[in-house]
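Chemist: Quick one: the structure is below, and I'll ask about it shortly.
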Amino acid sequence: MSAAAHQSLSASSGRAKRRRRWGRVMEGLATLAAVVAIAVLAIVIISVAKKGLPALNADLFTQVTSTFGIPGEGGGIKNAIIGTVIMTAIATAISVPLGVLLAIFSSEFAPPRLALIIRITLNVLAGVPTIVIGVFVFGLLVVGNGYSAYAAGVALSIVQLPVVARSTEEVLLLVPSSLREASMALGASRARTVLTVILPTAVGGIVTATIVAVARAAGETAPLLFTTGIFANAVVTDPTKPMASIPLVIFQGSESPSPHDQEVAWAAALVLLVGVLIGSSLGRLLSLRSRRRIEQSR
Amino acid sequence: MATETPTQRIPLSGHRRTRYGDLALRGITGLASVVLGLLMVALVYEVAHEAWPSIQEFGASFLTGTEWNAVTDVYGARDLIWGTLITSLGALLIAVPMSIAIGVFLSELAPRAIRTPVTMLVELLAAIPSVVLGLWGILVMGPFVAQHIEPFIINHFGWIPFLDGYPSNQGLFMAILVLTIMVVPIVASVSRELFTSVPSDLKQGSLALGATRWEMVRSVMIPQVSGGLVAAVMLGFGRAIGEAIAVTQVIGGSNTRPDNIWGPADTMASRIAAQYAGSPTALSKASLAYLAVILLVFSLIVNLTAQLIAARLQRQMRGAA
Chain A
1 MSAAAHQSLS ASSGRAKRRR RWGRVMEGLA TLAAVVAIAV LAIVIISVAK KGLPALNADL
61 FTQVTSTFGI PGEGGGIKNA IIGTVIMTAI ATAISVPLGV LLAIFSSEFA PPRLALIIRI
121 TLNVLAGVPT IVIGVFVFGL LVVGNGYSAY AAGVALSIVQ LPVVARSTEE VLLLVPSSLR
181 EASMALGASR ARTVLTVILP TAVGGIVTAT IVAVARAAGE TAPLLFTTGI FANAVVTDPT
241 KPMASIPLVI FQGSESPSPH DQEVAWAAAL VLLVGVLIGS SLGRLLSLRS RRRIEQSR
Chain B
299 MATETPTQRI PLSGHRRTRY GDLALRGITG LASVVLGLLM VALVYEVAHE AWPSIQEFGA
359 SFLTGTEWNA VTDVYGARDL IWGTLITSLG ALLIAVPMSI AIGVFLSELA PRAIRTPVTM
419 LVELLAAIPS VVLGLWGILV MGPFVAQHIE PFIINHFGWI PFLDGYPSNQ GLFMAILVLT
479 IMVVPIVASV SRELFTSVPS DLKQGSLALG ATRWEMVRSV MIPQVSGGLV AAVMLGFGRA
539 IGEAIAVTQV IGGSNTRPDN IWGPADTMAS RIAAQYAGSP TALSKASLAY LAVILLVFSL
599 IVNLTAQLIA ARLQRQMRGA A
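Protein chains in written order, with the numbering used here: chain A, 1 to 298; chain B, 299 to 619.
What follows is the structure, given as structure tokens:
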């Protein structure tokens with residue numbers, strides 16, 4: 001009997017060994033997948049830095065873009081940087097107020113069913129390809145009026161809107177109801193409660209949502225193709241005219257056979273990548289912090 | 299009497315005084331939701347309106363037409379729809395197992411101290427602007443993959459149909475790789491969230507019954523969140539079919555289907571990006587807008603399905619709790 005028991009034990013331990021080994025293989029593969037993802041991030045950042053740094057000089061920021069990549073003429077991206085800043089600012093000035101108002105409505109005033117519809121609509125809007133948004137704004141604002149920074153700003157604001165509204169609503173819903181009730185119990189109206197209690201508590205979350213939305217819009221290319229696709233090699237500050245932008249300079253450089261254009265594209269990509277990565281990691285860190293703070297105030 | 303007055307007063311004061319501030323704020327914020335509704339309606343109307351000449355001219359045969367010819371002004375989207383589906387499904391084929399593995403790593407295997415930083419790094423991958431990824435894809439990844447990876451696959455797996463032929467710097471395979479890089483962070487971050495939401499008594503129960511960690515993942519965690527994983531995959535699919543810029547940069551923009559996975563092709567989104575600004579005829583522009591309509595319908599279906607699955611999952615979880 002003891003021999004039989006021994007045999008079955010050793011047989012099962014052989015199978016257990018196999019199962020453990022198989023488990024270790026799968027765990028190794030899972031770890032490998034994470035390593036590969038981070039390696040790809042590192043490789044992209046390193047190769048953009050390596051190719052972009054040589055062209056990263058004072059000219060890049062003081063000269064405007066050049067036509068057909070003729071060396072010596074222009075060779076910078078000053079106008080593109082200014083254009084991207086202005087168009088992103090226009091977009092943010094539209095999307096942040098609208099997004100915050102939407103979030104207030106759906107978290108404070110809307111009946112549950114309507115709030116659900118708003119949430120679904122925002123998710124749908126977030127899933128609409130940005131190229132389709134470009135086609136939409138082209139028909140809405142560009143046909144008849146021509147390319148303009150305004151049109152680009154509107155297109156970018158549509159891309160930003162779900163980002164701002166969804167994360168603002170999330171933060172508003174995190175505000176503890178005890179604060180809400182305390183304010184109402186003191187006789188404050190709903191509006192006063194929202195403006196003086198809820199919004200100040202949630203302001204950190206709104207700021208981070210804004211930062212993430214700005215990072216998103218600054219790197220967006222597809223909507224710009226249709227709204228400010230052809231631009232002058234000069235600094236333009238009139239928003240009724242098309243402006244150069246960093247993403248389009250990169251796009252055109254990547255399609256150009258001229259090595260000079262490609263060099264400028266790499267430098268522009270480095271500027272954009274650094275800005276966007278700083279913006280979105282800052283946004284994420286801040287959102288972790290503000291979330292923790294609100295949760296502590298519960 | 300004395301006890302009656304306050305109970306009478308409180309509801310009275312609440313009801314009689316209209317709170318104009320409340321009305322104003324409700325009105326202004328409500329207006330924002332009206333703007334959102336109008337925006338969605340205008341979006342659908344305007345894109346369909348731009349596409350109307352082409353819809354009238356080609357109707358449903360647009361979906362099966364193989365020609366895209368500006369000279370004869372005849373347009374059909376079959377090969378572009380095919381390109382969109384092949385590149386997106388190909389990207390999902392690589393990205394989904396990888397993302398689920400990353401989710402398992404981040405929720406179960408990684409040491410606690412590195413979980414948050416690694417999660418942030420994976421999500422940062424999604425923050426790389428697509429135009430930068432495309433630039434890198436065409437000038438760095440493309441030549442490397444065409445010299446080292448494609449010949450290897452062709453030599454060893456060339457007997458599989460569609461994997462034969464010759465390496466190319468631009469083509470379907472490059473588009474699949476770039477889309478994979480874009481889809482992985484989306485699906486991985488949702489899978490991580492799903493896996494961390496699995497109740498620990500389920501996990502520990504399975505371990506206590508003698509399952510190894512991998513068996514616990516395979517037989518408890520993945521089935522537990524399978525609905526959510528499907529929704530995450532749908533989100534990734536939506537992202538992949540709509541990506542225009544990076545795909546335009548690496549796919550090579552061909553008018554015909556390639557004979558193998560290495561050759562140049564085109565997708566709907568990439569065709570719009572490449573040709574909309576310089577489209578030669580009114581009908582060609584309308585046909586590009588028709589592509590946008592198809593993309594819009596695709597994205598609506600994919601997105602709503604994902605939300606429906608996620609909502610049902612949430613209800614189930616609440617029911618179980």
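Beta carbons: idealized from backbone N, C-alpha and C, even for Gly.
Where does Trp560 of chain B land, buried or exposed, given buried means 16+ other C-beta within 10 angstroms?
Modeler: By the neighbour-count rule (16 or more Cβ atoms within 10 Å), Trp560 of chain B is buried.
Chemist: When you compare the CB of Ser8 of chain A with every CB in chain B, is at least one pair closer than 8 Å?
Modeler: Per-residue confidence for Ser8 of chain A stands at a pLDDT of 49, beneath the threshold of 50, marking its modelled position as unreliable; the derived number appears in the next sentence. For Ser8 of chain A, the answer is no, since every Cβ of chain B falls outside 8 Å of its Cβ.
Chemist: Let's test the definition: count the other Cβ atoms within 10 Å of the Cβ of Leu431 of chain B and tell me whether it reaches 16, buried, or not, exposed.
Modeler: Per the 10 Å Cβ criterion, buried.
Chemist: On the DSSP bridge assignment, give the partners of Tyr373 of chain B in chain order.
Modeler: Note: Tyr373 of chain B sits in a beta bridge opposite B:Trp366.
Chemist: Do we get a CB-CB distance below 8 Å when we pair Gly229 of chain A with the residues of chain B?
Modeler: True, the Cβ-Cβ gap to chain B drops below 8 Å.
Chemist: Exposed or buried, what is Trp366 of chain B when buried is set at 16 or more other beta-carbons lying within 10 Å of its beta-carbon?
Modeler: Classification of Trp366 of chain B: buried, given that the 10 Å Cβ count is 16 or more.
Chemist: For Phe251 of chain A, collect the residues of the same chain with a Cβ closer than 6 Å to its Cβ; drop the 5 residues on either side in sequence, then sort them by chain order.
Modeler: Excluding residues within five positions, the ones whose Cβ falls inside 6 Å are Thr221.
Chemist: With DSSP as the reference, label Ala571 of chain B as helix, strand or coil.
Modeler: Looking at Ala571 of chain B - three-state DSSP - the assignment turns out to be helix.
Chemist: Please look up how many angstroms separate the CB atoms of Ser489 of chain B and Ser386 of chain B, rounded, as I've assumed it's under 8 Å.
Modeler: Contact flag wrong, Cβ pair sits at about 18 Å.
Chemist: Going straight from the alpha carbon of Leu383 of chain B to that of Ala567 of chain B, what length do you get?
Modeler: Cα-Cα distance, rounded: 11 Å.
Chemist: Is Val235 of chain A closer than 8 Å to Ile43 of chain A when the C-beta atoms are compared?
Modeler: No, these two residues do not count as a Cβ contact at 8 Å.
Chemist: According to DSSP, is Asn453 of chain B helix, strand or coil?
Modeler: DSSP places Asn453 of chain B in helix when its eight states are reduced to three.
Chemist: So Leu593 of chain B and Gly540 of chain B are in contact, right, with Cβ under 8 Å, and what is the actual spacing, rounded?
Modeler: Indeed, because the Cβ distance is near 6 Å, the residues count as touching under 8 Å.
Chemist: If the cut is a Cβ gap below 7 Å, which residues of chain B does Ser280 of chain A touch?
Modeler: The contacting residues are Leu422 and Ala425.
Chemist: So what's Gln296 of chain A in DSSP terms, helix, strand or just coil?
Modeler: Looking at Gln296 of chain A - three-state DSSP - the assignment turns out to be helix.
Chemist: Would you tell me roughly how many angstroms separate the C-alpha atoms of Phe403 of chain B and Gly52 of chain A, rounded to the nearest one?
Modeler: If you take the alpha carbons of Phe403 of chain B and Gly52 of chain A, they lie about 34 Å apart.
Chemist: Give a yes or no on contact between the segment 146-161 of chain A and the segment 229-249 of chain A, applying the rule of three or more CB pairs nearer than 8 Å.
Modeler: The segment 146-161 of chain A vs the segment 229-249 of chain A: in contact.
Chemist: Name the two residues that bound the continuous alpha helix (DSSP H) containing Ser148 of chain A.
Modeler: Ser148 of chain A -> no alpha helix (DSSP H), and no H or E assigned at all.
Chemist: Could you check the C-alpha separation between Ala115 of chain A and Leu361 of chain B for me, to the nearest Å?
Modeler: If you take the alpha carbons of Ala115 of chain A and Leu361 of chain B, they lie about 37 Å apart.
Chemist: Indicate whether Gly357 of chain B and Thr364 of chain B have their beta-carbon atoms separated by less than 8 Å.
Modeler: Contact flag unset, no.
Chemist: Give the single residue among B:Arg324, B:Asp377 and B:Phe450 whose Cα lies nearest to the Cα of Leu101 of chain A.
Modeler: Checking every option, the nearest Cα to that of Leu101 of chain A belongs to B:Arg324.
Chemist: CB-CB under 8 Å to Gln262 of chain A, same chain, minus the five flanking residues each way: which ones, in chain order?
Modeler: For Gln262 of chain A, where only same-chain residues beyond five positions count, the Cβ hits under 8 Å are Gly253, Ser254 and Ser256.
Chemist: Using the three-state DSSP reduction, which class does Leu606 of chain B fall into: helix, strand or coil?
Modeler: Correct three-state label for Leu606 of chain B: helix.
Chemist: Short of 7 Å in beta carbon distance, which residues of its chain neighbour Thr62 of chain A, apart from the five on each side in sequence? Order them along the chain.
Modeler: The answer, listed in chain order, is Gly76 and Lys78.
Chemist: At the 8 Å Cβ level, is Leu272 of chain A part of the contact set with chain B, yes or no?
Modeler: Output row for Leu272 of chain A: interface = yes.
Chemist: Please list the terminal residues of the continuous alpha helix (DSSP H) segment that includes Glu344 of chain B.
Modeler: Taken as a continuous stretch (DSSP letters only), the alpha helix (DSSP H) holding Glu344 of chain B covers Tyr318 to Phe356.
Chemist: What did DSSP end up calling Tyr464 of chain B once you bin it into helix, strand or coil?
Modeler: Tyr464 of chain B: coil per DSSP, three-state reduction.
Chemist: Using only the alpha-carbon positions, how far apart do Ala563 of chain B and Val48 of chain A sit?
Modeler: Their backbone Cα atoms lie some 26 Å apart in a straight line.
Chemist: Residues of chain A with CB closer than 9 Å to the CB of Ala621 of chain B, please, in chain order.
Modeler: Nothing can be reported for residue 621 of chain B, as the shown portion of chain B is limited to 299 through 619.
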